[in-house]
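Novice: Okay, handing you the structure first.
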Amino acid sequence: MSLQSCVEVLQLRDPDRLSALLTAPLKARPRLLSLYAVAAELARAPGASAEPALAEIRLQWWIDALETLPTSAGLHPVLAALAEAWGADGPALATLGEGQRIACEGHEFSAAAEALAWIDSTDGALAVLGAEQLGLPPDAQAVVRAQGRALGVARYLHLGGPRGLPEAGRAELLHAGRKAARTAADGPPLRQLAPVLAAGPDLQGRLKGSRRSAQEIARRWAALRVAFTGQWKISLRR
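So in numbering that gives the first Met the number 0, the last spot in the sequence shown is 237, and the numbers never skip.
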């Protein structure tokens, strides 16, 4: 039941990632689903209140709960799933919450480089953690970090993050995201990592300059592509 709660969180917060994760081997799914569900809850915490202090209290609750696993497993179904799937490794996931503090503080980015550093500490770190559950080769970490950056840039442009980045900075951020996607695409196939590296059609669209939301048929096609081919690379014009 606790794992079903993770599915429900992702269905609400990140349905495209959920579709990709469900193509992972059965053995890896409990860790992946609980990892991405708690990441979604951590990312949601800064928006829980317009008051920065209250938002940080919510975020700190999650961080404290992660640090005290498995004792805290009964506080939330996602924590129960994490405790069961991650065991003694669960408390280490508290570091994922630290990157969200800047969003709680109402910080406004003034340059693309600042936004990229935040993206690398959140989406980039999550991509590596997810890939490790699927057998990340040691020499492929740079490719995974590049794809994590590309996904993070696309998510920032699609959903928003800490505000304040001027239009010129957003253009620079998009350029950096596209560059990261190309770097990742130039790497090895890494098909076994597709469940965590694949981008849904909305995120791919943002990197291609589109602001339209994808239709349901495009989402289903993207999920089938990952499931049957293991292809995750984003094709961009050079």
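All C-beta atoms, glycine included, are put in the ideal place defined by N, C-alpha and C. As the structure is a prediction and not an experimental result, all values here were calculated from the model.
Check whether the Cβ of residue 58 sits closer than 7 Å to any heavy atom of the ligand ZN, and report yes or no.
Specialist: The model depicted lacks the ligand ZN and carries no ligand whatsoever.
Novice: Starting from residue 174 and walking both ways along the alpha helix (DSSP H), at which residues does that stretch end?
Specialist: Its alpha helix (DSSP H) spans residues 166-184.
Novice: My output table needs one value for residue 13: the three-state DSSP class, helix, strand or coil.
Specialist: Looking at residue 13 - three-state DSSP - the assignment turns out to be coil, as it is neither helix nor strand.
Novice: Taking the continuous alpha helix (DSSP H) assigned at residue 33, which residues delimit it?
Specialist: Looking at the DSSP string, the run of the alpha helix (DSSP H) that includes residue 33 is 28-43.
Novice: Using the C-alpha atoms, what's the distance from residue 203 back to residue 220?
Specialist: Each residue's Cα considered, the two are about 13 Å apart.
Novice: Hey, how far is the Cα of residue 78 from the Cα of residue 148?
Specialist: Using only the alpha carbons, I get a separation of about 27 Å.
Novice: Flag this pair as touching only if the segment 132-141 and the segment 99-113 have three or more C-beta atom pairs under 8 Å; answer yes or no.
Specialist: Short answer: they don't touch.
Novice: Just to confirm the assignment, what range does the alpha helix (DSSP H) spanning residue 211 have?
Specialist: No alpha helix (DSSP H) holds residue 211; DSSP gives it neither H nor E.
Novice: Any idea what DSSP makes of residue 133, helix, strand or coil?
Specialist: In the structure shown, residue 133 sits in coil (DSSP, three-state: anything other than H, G, I, E or B).
Novice: Helix, strand or coil: which one does DSSP assign to residue 50?
Specialist: Residue state, collapsed to three classes: coil.
Novice: My understanding is that residue 9 touches residue 2, with C-beta atoms under 8 Å, so please give their C-beta distance in whole angstroms.
Specialist: Wrong, their Cβ atoms sit about 11 Å apart, outside the cutoff.
Novice: Pull up the distance between the alpha-carbon of residue 67 and that of residue 216, whole angstroms please.
Specialist: Cα to Cα, the separation comes out at about 42 Å.
Novice: Any idea if residue 151 is buried or exposed, counting beta-carbon neighbours within 10 angstroms, 16 or more meaning buried?
Specialist: Burial call: buried.
Novice: Using 10 angstroms around the beta-carbon of residue 46, count the other beta-carbons present and answer buried if the total reaches 16, otherwise exposed.
Specialist: Classification for residue 46: exposed.
Novice: Is the beta carbon of residue 44 less than 8 Å from the beta carbon of residue 132?
Specialist: No. Outside cutoff.
Novice: Suppose the cutoff is 7 Å on Cβ atoms and the five residues either side in sequence are ignored; what does the same chain contact list for residue 5 look like?
Specialist: Correct list, in chain order: 32, 33, 36, 77, 80.
Novice: Taking C-alpha atoms, which residue in 15, 89, 11 lies nearest to residue 225?
Specialist: Nearest option by C-alpha distance: 15.
Novice: Rounded to whole angstroms, how far is the Cβ of residue 13 from the Cβ of residue 39, which I believe are closer than 8 Å?
Specialist: Indeed they touch by this definition, with Cβ atoms about 6 Å apart.
Novice: What is the DSSP secondary structure of residue 24, reduced to helix, strand or coil?
Specialist: Three-state result, residue 24: coil.
Novice: Suppose you measure from the CA of residue 49 to the CA of residue 20; what does that come to, to the nearest Å?
Specialist: If I take the Cα positions, the gap works out to 32 Å.
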